[in-house]
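In our numbering, the protein residues as written are 682 to 815.
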């Protein structure tokens, strides 16, 4: 991951996304992934970047096919799969199929265990904003 090192609470959020949620696009498609931490990559909303304060809270999980358009072993996904990032992306089609980055981030927050949200100290899906997130 390029960008700054996540804070302790951001690390808690990232780990919860990877272990409890997984690929939000697969979830929307009705597929569950076994062992999501093995298959999930973190996508940062470009509106928040990967270096700004609290940026890691504005991210969500995507599997490699939905994130970068690749499958295990280096193959490419079929053309009908919506991909978020270049070189195989059609971002407009991805947004049409799954929603905006802001929407997908809110959906991810809704799926986090309440205990994780309590430990982090806020819930972005409720419109709450981060306070002291160190």
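Cβ atoms here follow ideal geometry from the backbone N, Cα and C, with glycine treated the same way.
Checklist entry - Can you list, in chain order, the residues of its chain whose CB lies under 6 angstroms from that of residue 702, leaving out five sequence neighbours each side? => result Numbered from its first residue, the chain shown carries residue 702 at position 21. For residue 702, where only same-chain residues beyond five positions count, the Cβ hits under 6 angstroms are 742, 789, 792.
Next on the checklist: Across the region 724-741 and the region 750-759, are there enough close Cβ pairs to call them in contact, namely three or more that are closer than 8 angstroms?
Outcome noted: no
Checklist entry - According to DSSP, what are the bridge partners of residue 744? => result Start at 1 with the first residue of the chain shown, and residue 744 comes out as number 63. The partner list for residue 744 (beta bridge, DSSP) reads 721.
Item to check | Alpha-carbon to alpha-carbon, residue 787 and residue 805 | outcome: Position 124 of the chain shown, counting from 1, holds the residue named residue 805. Position 106 of the chain shown, counting from 1, holds the residue named residue 787. When rounded, the distance between both Cα atoms is 6 angstroms.
Item to check | alpha helix (DSSP H) runs contained entirely in the region 745-813, provided each spans 4 or more residues | outcome: 745-749, 772-779, 782-792, 795-801
Checklist entry - Within this structure, are the beta carbons of residue 718 and residue 699 separated by less than 8 angstroms? => result As a working note, residue 718 is residue 37 in the chain shown. As a working note, residue 699 is residue 18 in the chain shown. Result yes, Cβ atoms of residue 718 and residue 699 sit closer than 8 angstroms.
Checklist entry - How close, in whole Å, do the beta carbons of residue 772 and residue 744 come, if the pair is a contact with beta carbons under 8 angstroms? => result The sequence position of residue 772 within the chain shown is 91, counting from 1. The sequence position of residue 744 within the chain shown is 63, counting from 1. With 8 angstroms as the limit, residue 772 and residue 744 do not qualify as a contact, their Cβ atoms being about 17 angstroms apart.
Next on the checklist: Which of the three DSSP states is assigned to residue 698 in this structure?
Outcome noted: As a first step, residue 698 must be located in the chain shown, where it is residue number 17. Residue 698 falls in the helix class under three-state DSSP.
Next on the checklist: Which residue wins for smallest C-alpha separation from residue 693, given the options 809, 794, 751?
Outcome noted: What you label residue 693 is simply residue 12 of the chain shown in a count that begins at 1. Checked all of 809, 794, 751; the closest Cα to residue 693 is 794.
Next on the checklist: Short of 8 angstroms in beta carbon distance, which residues of its chain neighbour residue 683, apart from the five on each side in sequence? Order them along the chain.
Outcome noted: For the purposes of this step, residue 683 is taken as residue 2 along the chain shown, with counting starting at 1. Excluding residues within five positions, the ones whose Cβ falls inside 8 angstroms are 731.
Next on the checklist: residue 766 and residue 748 - do their beta-carbons sit closer together than 8 angstroms?
Outcome noted: Here the question's residue 748 lines up with position 67 in the chain shown. Here the question's residue 766 lines up with position 85 in the chain shown. Yes.
Item to check | Cβ shell of residue 752 (< 8 angstroms), same chain only, five flanking positions each side left out | outcome: Working through the chain shown from its first residue, we reach residue 752 at position 71. For residue 752, where only same-chain residues beyond five positions count, the Cβ hits under 8 angstroms are 745, 746, 758.
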